[in-house]
Each structure stands twice: as C-alpha cells, then as structure tokens.
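Report on the following structure.
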Amino acid sequence: MKCMICKQGETMPGLATVTLERGPTVVIVREVPAEVCRNCGEYYLDEAVATKVYREAEAAAARHAEVEILRYAA
Ligand SMILES: [Zn+2]
C-alpha cells in the first residue's frame, strides 16, 4: 500500500521496532511484523498484531516497569 505519512513510498512486509508509552512505563517491542515504508521507514501494524503489542504494553505498565524491551512473539 502507499505510505500515509510521506505519500510517496510503497510499504513492504518487514519488521519494526514499536515504542509505546503508558504513563511512566516505556515499552519497546522489537521484531514486530509490519508493513514498512521503503521511503521514510514508517510502519503499519495490522489489527491483530497491534492488539497483541498493546496488550504487552499494558502488562508491562501493570508490572510498573520503567523501561521494558520485549521481542514480539507470534
Ligand atoms: Zn513513507
């Protein structure tokens, strides 16, 4: 699909590093399958993947972690 951020690049399947903040907690999830723009590097998660990533972030926030770095597990 066409990138919505730069409106120039096409996206390709790849892996993204997703950073989320939940209050004082920063959660970094690596190797998340995503569509990645070849031009600007913006990534797009499909709904199932996004839901899982957000759930991981909520769990880390519930543990009161300050920074948590996870690897996406399908
Ligand atoms: Zn782009």
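What the sequence shown shows, in the working numbering, is residues 59 to 132, in sequence order. Beta carbons are placed, not taken as given, at the ideal position from N, Cα and C, and that holds for glycine.
| Item | Value |
| --- | --- |
| E100 Cβ short of 7 Å to ligand 1 heavy atom set | yes |
| Where the beta strand (DSSP E) containing R113 begins and where it ends | Premise fails: R113 lies in the alpha helix (DSSP H), E105 to A120, not in any beta strand (DSSP E). |
| Pick from C98, E124, A74 and G81 that is closest to K65, judged by C-alpha positions | C98 |
| Where the beta strand (DSSP E) containing R96 begins and where it ends | Neither: R96 is in no beta strand (DSSP E) and is coded neither H nor E. |
| A131 to R121 span [Cα, whole Å] | 19 Å |
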